[in-house]
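What follows is a short report on a single structure.
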Amino acid sequence: MSNKKQKMDPRVMRTRQLLRDALVELIDERGYEKITVQDITERATLNRATFYLHYSDKLDLLYQSTKEILNDLLNNLNVTFEDKVEFDFSKDADEPHDTFMHLFEQISLNSKLYKVFLTEKDILYFFSGLKKIIIDFISNGINFTQPDDKKLTVPRELAVRYFAAAFLEVIVWWLENDMPYSPKFMATQLMRITVKGPYLEHPFGK
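For the sequence shown, this note's numbering begins at 63 and goes up steadily by one.
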């Protein structure tokens, strides 16, 4: 997909961006089911013929926009933990790993789209797509940090699902509250709680 984007005419990219922005704004205002292609083209200040040069209908625009934004996130998270072997998770939890930073930075660049697509009830497959990316992200991190199942306190898949669900909830909270903290702050806090837990001292003793 990245090669396709590199070769795409800048005018085509601009047109598609205008249509995607219009779609996001209108979903935010009215909900997906209540908008039409005519609404989208009027908001984007383009004609219907131009729309149909790029998309077959509003569902095609939604689907392709979803695919593009999730692929962008996946490509930006394509820094493997193996590439950062010098990073000690047990000691450096207060300094976010690059992959944690990439996660929040990429979401912040498209914050309105993420907020709308994650909270719109008719776009459940966007949530599912993001969930899969985060599950793989968490799984890669745990596999690199501790590849031995016998040294985990819970089954690996349970840990992956637990942290993935927590990450998603934190991301949604962050977006719904208009990103009150920077991507670096969020990455730092999420990494800290993942590695150390939420307590300065164990509440039940050792």
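By construction, the Cβ of each residue, glycine as well, lies at the ideal position given by its N, Cα and C atoms.
Scanning the segment 174-258 for uninterrupted alpha helix (DSSP H) segments of 4 residues or longer gives 186-207, 218-238 and 245-258, listed from N- to C-terminal end. Here residue 111 is exposed, its C-beta having fewer than 16 other C-beta atoms within 10 Å. At the C-beta level, residue 128 and residue 199 stay beyond 8 Å of one another. If you look at residue 159, you'll find it isn't in any alpha helix (DSSP H); DSSP assigns it neither H nor E. Sequence-distant Cβ neighbours of residue 210 in its own chain, meaning closer than 6 Å and more than five residues away, do not exist here. The alpha carbon of residue 158 has as its nearest neighbour, out of 253, 120, 257 and 186, the alpha carbon of 253. Between residue 109 and residue 223, the alpha-carbon positions lie close to 45 Å from each other. Only exposed fits residue 235, as fewer than 16 other CB atoms lie within 10 angstroms of its CB. Exposed is the label assigned to residue 75, since fewer than 16 other Cβ atoms lie within 10 Å of its Cβ. Per DSSP, the unbroken alpha helix (DSSP H) holding residue 89 starts and ends at 72-92. For residue 130, the enclosing alpha helix (DSSP H) begins and ends at 120-138. Rounded to the nearest angstrom, the gap between the Cα atoms of residue 192 and residue 181 is 13 Å.
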